[in-house]
Amino acid sequence: MSKKYIFIPFLMLLINSTIWSQKKSLHTSFIKETISVDGKFNEEAWSTAEAATDFVMFEPDNGKPISSSKKTEVKILYDDNAIYIAATMYDEDPLKIQREITNRDVFGVSDHFGVYINGFNDGQQDFRFFVSAAGVQMDCLATEDFEDFSWDAIWDSKVLQTSFGWTVEMKIPYAALRFSAAKKQTWGINFMREIKRDVQKYTWNLVDASIGAVIPQAGVLEGIENIDTPTRLFLIPYSSAYYQHNDIGSETTFKAGLDLKYGINDSFTLDAILVPDFGQTKFDNAILILEPFEQQFQENRPFFTEGTDMFTKGNLFYSRRIGLGSTTEVTTKDNEVIDNYPNTVDLINAVKISGRTKKGLGVGFLNAVTEKTFATLKDTITQFRRKEILEPLTNYNVLVFDQRFNQNSSVTFINTNTTRNGSFRDANVSGLLFDLNTQANSYNLYGDFKYSTINDIQDYNGFKTSLNFAKTSGKYRYLLSGKYISENYDVNDLGIIFFTNYHGFLANGSYRILNPTRYFNTFKVEQEVNVEVQNTFGKLQEAWYKALIKGTNLNNDYFEFAFFANPFVNYDFYEPREHNRYVFIPKRMSSYFGVEMNRNHAFTMDVTVSGAWYDEEGRHNYGFFASPKYRFNDKFSLAYALDYLNKKNDRGWVETTDDAIVFAERNREYFQHDFTGKYALNEKMTLNLTARYYWSYAKNHDFFSLQNDGRLVTNTTYVENKDRNFNSWNFDFSYSWWFAPGSQLSFLYRNYALERTNLVERDFPTNFKNVWNNNLTSILSVSVRYFIDYNTVKNKF
114 MSKKYIFIPF
124 LMLLINSTIW
134 SQKKSLHTSF
144 IKETISVDGK
154 FNEEAWSTAE
164 AATDFVMFEP
174 DNGKPISSSK
184 KTEVKILYDD
194 NAIYIAATMY
204 DEDPLKIQRE
214 ITNRDVFGVS
224 DHFGVYINGF
234 NDGQQDFRFF
244 VSAAGVQMDC
254 LATEDFEDFS
264 WDAIWDSKVL
274 QTSFGWTVEM
284 KIPYAALRFS
294 AAKKQTWGIN
304 FMREIKRDVQ
314 KYTWNLVDAS
324 IGAVIPQAGV
334 LEGIENIDTP
344 TRLFLIPYSS
354 AYYQHNDIGS
364 ETTFKAGLDL
374 KYGINDSFTL
384 DAILVPDFGQ
394 TKFDNAILIL
404 EPFEQQFQEN
414 RPFFTEGTDM
424 FTKGNLFYSR
434 RIGLGSTTEV
444 TTKDNEVIDN
454 YPNTVDLINA
464 VKISGRTKKG
474 LGVGFLNAVT
484 EKTFATLKDT
494 ITQFRRKEIL
504 EPLTNYNVLV
514 FDQRFNQNSS
524 VTFINTNTTR
534 NGSFRDANVS
544 GLLFDLNTQA
554 NSYNLYGDFK
564 YSTINDIQDY
574 NGFKTSLNFA
584 KTSGKYRYLL
594 SGKYISENYD
604 VNDLGIIFFT
614 NYHGFLANGS
624 YRILNPTRYF
634 NTFKVEQEVN
644 VEVQNTFGKL
654 QEAWYKALIK
664 GTNLNNDYFE
674 FAFFANPFVN
684 YDFYEPREHN
694 RYVFIPKRMS
704 SYFGVEMNRN
714 HAFTMDVTVS
724 GAWYDEEGRH
734 NYGFFASPKY
744 RFNDKFSLAY
754 ALDYLNKKND
764 RGWVETTDDA
774 IVFAERNREY
784 FQHDFTGKYA
794 LNEKMTLNLT
804 ARYYWSYAKN
814 HDFFSLQNDG
824 RLVTNTTYVE
834 NKDRNFNSWN
844 FDFSYSWWFA
854 PGSQLSFLYR
864 NYALERTNLV
874 ERDFPTNFKN
884 VWNNNLTSIL
894 SVSVRYFIDY
904 NTVKNKF
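Start counting the sequence shown at 114; every next residue gets the next number (this note's numbering).
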């Protein structure tokens, strides 16, 4: 090979590495004077602090320097308790600065300032803190793939509006961060400014959009030395009261408990929850389930959402398994009926420990215990009641070791374990993950190997493995992926998985613009091919092609179009609900198109239309989503969303009899209406309204028997009524007041109802009336949580 052709790639790698090494540096100083967080920067120390300036645009016009009229300056100071940040945002027209007041962690239509802190400077995880021009706080734990805004730290900030723009002053205690125990600290740091009316984001250290990784492109903060951090011990006692009323009667409940957070050192933290109370968490969106899989619920309990990023590695931890409820089928005797079947399993306690050493080893440990739970059965003749165990006393455990290296790579071991008391099913799953990136973050090799062991009436083991290679930089990018999942791979005791016993291959290629063009601010084209083959029979489980186009125009309206083609017959191995049986799925294609108006307008609208067509006479789907929103002012907004889907001549399982596996051809529809409203009295006090009405039905008109070859033949003898009509109503109206850092007073009025029947009612008003008449439950609750810092209490005595 010519030396010229060897030299050119080497030169390109050198150029990439040189660009990669261009990191700005900011030096901070130790202070002894007290900083008042008031946004005024009156203290003498601010006048001599080094300033971070010369911001550059991150998006849309990546790399463009900020204009002199929007100059931005940031300074940092520190003491033994916290770091302090002073940011000045100049604006030539301060009256145009957007200042919508939102709930915490909701960005809304407002200008923002943010600081990204990586205490280990390992290029892999940020602690991000944002303040809007209206004074609202947002914070998150960020990796390259995800920003976790469920994490809430305790920190202070103050915003001032000025004649030249706006300022923000922040105090971030060390308790809100994680860093090594080194005497001399070097942190990764970046600052972000968002100018909402122009839909522009700027960063202090250039984040090159042609490189797939953002976090390693931070600057460096130096100067923090020999800090004597205070004890990190926080107590959060709470008290709550509930009044519940329905057709059966009324009851009043009082609860009290305590959450504890303890900093083992500056790197590791222990969280414990005693006497849990999740009564004011967001309601679950119940839907009509006709598919063979369980409904996957969103986690809304703070303990299982805050700072759990390490435990979710490898997708082996589905926290709703803990206390979600039992899937055990109760066996009734002659003349017996189920008198009481608890919807949830109570959590007794839970603890988690997580942190990272100075050498980059992350360690996570989570343990939770749920109590023994019974169903009650009643003999309808003798009236005798007996109890049957739904869930035994159960211990859930997650253990993680995550080693980071080279600023952008990691190897992870994770183990999940479920142990049930007595002769019940136990499970253990282990996984080894790796994520390797080139120095310039241009290429990524990642994969896993996971092994599951189930101890039940019949023990079995299974495994899953995958290997993926991706180009992650430049205008043109691609991904090649392969995986194999064995038949007995099972993680459903503490994780969640739907599809097993197949191997597959995926190829994805994409093109994007990195800077605005004549017509678009952002634009991306993506194509993907996916093939999955079932292991036992060698039949296609999936085989599809996807084309996707999305972007924003110069008015910052967003659009997205996708087309899917399934050009081959494939087979569903899950719908028959019986091992080694499958049903034929015809060729099909589908598409959707969606638009979202620029969020800066007072009135905005999101609209999506979709459709699917099968190579089967009369079988098709179509759907529609629309969500108008109106912002009356910076405090008050209302939004409505309608989601509609119609499935014509859909086919699915209805029952397995002694003679056949029975399928039905049916018409299905669902309507979901969501209404939300927000009124902010100020940045710490809000009123929120959420209402949801869901109605879905399935009307069967023909029945079939499933043949061994997966085909359906007409069944003229089956006459059972397996129609479904499902209504669900939820209403929440809440008042929330963050009266002190980490301390909250909240009032909640909630009502809900649910109706299931096999009598299909097509009239909308009648359905809505029926669900309201179906034992509507109303709950009024008040809850107080108070944050206590051990150091504050100690200093008073």
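Idealized CB from N, CA, C, for every residue including glycine.
Cα atoms of P173 and F881: separation of roughly 46 Å, rounded to the nearest angstrom. DSSP places S543 inside the beta strand (DSSP E), whose first and last residues are 539-550. With a minimum length of 3 residues, the unbroken runs of beta strand (DSSP E) contained wholly in the region 353-435 fall at 363-376, 381-387. A866 and L893 do not touch by the CB rule: their CB atoms are close to 16 Å apart, not below 8 Å. A Cβ-Cβ contact shorter than 8 Å links Y229 with I302. Within the DSSP secondary-structure output, P689 pairs in no beta bridge.
If only uninterrupted beta strand (DSSP E) runs of at least 3 residues are considered, those enclosed by the region 858-910 are 890-898. Here P699 carries a coil assignment [DSSP, helix/strand/coil]. A contact between stretches requires three or more CB pairs, one per stretch, nearer than 8 Å, and the region 491-503 meets this requirement with the region 447-461. Residues of the same chain with a CB within less than 8 Å of the CB of K209, apart from the 5 flanking positions on each side, are R310 in chain order.
Judged by beta-carbon spacing, A326 lies beyond the 8 Å limit of E260, meaning their Cβ atoms are not closer than that value.
Apart from sequence neighbours up to five positions away, the residues of its chain that approach D341 with a beta-carbon distance below 7 Å are D193, ordered along the chain.
Excluding the 5 residues flanking it on each side, A660 has same chain C-beta neighbours closer than 6 Å at Q640, F676, in chain order.
About 36 Å separates the CB atoms of L506 and R837; that is not less than 8 Å, and the two are not in contact.
Nearest in C-alpha terms to V542, of all of D561, K588, S565, N554, is S565. Between N828 and A793, the C-beta spacing is not below 8 Å. Take the alpha-carbon of Y687 and the one of D603: they are about 15 Å apart.
Between the region 475-487 and the region 507-514, the count of Cβ pairs shorter than 8 Å is three or higher; the stretches touch. When DSSP reads this structure, R533 sits in a beta bridge with T507. If you look at W300, you'll find it isn't in any alpha helix (DSSP H); it sits in the beta strand (DSSP E) that goes 297-308. At a Cβ-Cβ threshold of 8 Å, N648 and Y615 count as neighbours. Looking at the DSSP output, F262 shares a beta bridge with no other residue. F277 and I901 have their C-alpha atoms spaced approximately 38 Å apart.
In this structure, DSSP gives K797 a state outside helix and strand, which the three-state scheme calls coil. Between the alpha carbons of N359 and S859 lies a distance of about 23 Å.
In the three-state reduction of the DSSP assignment, S182 falls in the helix class.
For W317, there is no enclosing beta strand (DSSP E), as DSSP gives it neither H nor E. In this structure, T585 lies away from Y624, with their beta-carbon atoms at least 8 Å apart. For E768, no alpha helix (DSSP H) segment is defined; the enclosing uninterrupted segment is the beta strand (DSSP E) at 749-769. In the DSSP assignment, E157 falls within the unbroken alpha helix (DSSP H) covering 157-161.
In terms of CA proximity to G731, D763 leads the group D763, E655, A463. Put simply, the region 819-828 does not touch the region 796-804. Fewer than three CB pairs are less than 8 Å apart.
In terms of Cα proximity to F844, the closest of Y862, T870, F611, D756 is Y862.
Note on N378: under 16 other CB atoms within 10 angstroms of its CB, so exposed under the neighbour-count rule. Within the same chain, and ignoring the five residues on either side of E833 in sequence, the residues whose Cβ sits closer than 7 Å to its Cβ are E768.
Under the 10 Å beta carbon count, I198 is surrounded by 16 or more other beta carbons and is classified as buried.
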